[in-house]
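Residue numbers (the UniProt record's numbering): 1 to 118.
One structure is given here, and the rest of the page talks about it.
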């Protein structure tokens with residue numbers, strides 16, 4: 001069984017490649033804007049995900065599933081749905097869940113975990 005970890009830290013890998021899939025741990029924007037703007041944070045997060053998928057040999061046209069964690073699902077789900085719909089390529093419809101989850105870092109509004117095919 002060949003499991004290839006990428007971006008490994010002490011307690012976890014940010015990315016694992018196994019067989020024909022890429023598993024991405026929850027990611028959030030590297031730079032959190034002072035104004036706590038979901039459009040900016042989600043855009044930065046999705047751009048980082050695209051880069052990591054490319055490094056692993058995949059891309060957003062091969063998404064299988066996504067889990068979106070929102071700090072305030074009541075306030076932000078509709079906006080996140082719009083951002084998500086604009087980011088996805090036409091015809092790509094992965095399974096998806098959206099959950100509310102508060103983070104240790106109070107300024108993080110969105111975190112996204114994904115699985116994509118190679």
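Beta carbons are placed, not taken as given, at the ideal position from N, Cα and C, and that holds for glycine.
Straight-line gap, residue i to residue j (C-alpha atoms, nearest Å)
i           : j          : result
residue 101 : residue 94 : 21 Å
residue 73  : residue 91 : 26 Å
residue 111 : residue 61 : 20 Å
residue 8   : residue 49 : 16 Å
residue 5   : residue 23 : 10 Å
residue 21  : residue 68 : 19 Å
residue 40  : residue 11 : 28 Å
Residues bridged to residue i (per DSSP)
i           : result
residue 4   : 17
residue 113 : 67
Distance cut-off 7 Å: residue i Cβ against heavy atoms of the ligand FAD
i         : result
residue 1 : The ligand FAD is not among the ligands present in this structure, which contains no ligands whatsoever.
Residue range of the beta strand (DSSP E) that includes residue i
i          : result
residue 99 : 95-100
residue 75 : Careful: residue 75 lies outside any beta strand (DSSP E), inside the alpha helix (DSSP H) at 73-87.
Three or more C-beta pairs under 8 Å: does that hold for the segment 3-20 against the segment 51-63?
In short, these stretches touch, since the Cβ pair count reaches three.
Along the chain, which unbroken stretches of the alpha helix (DSSP H) at least 4 residues long are found entirely within the segment 35-69?
Counting whole runs of 4 or more residues, the segment 35-69 contains the alpha helix (DSSP H) stretches 38-56.
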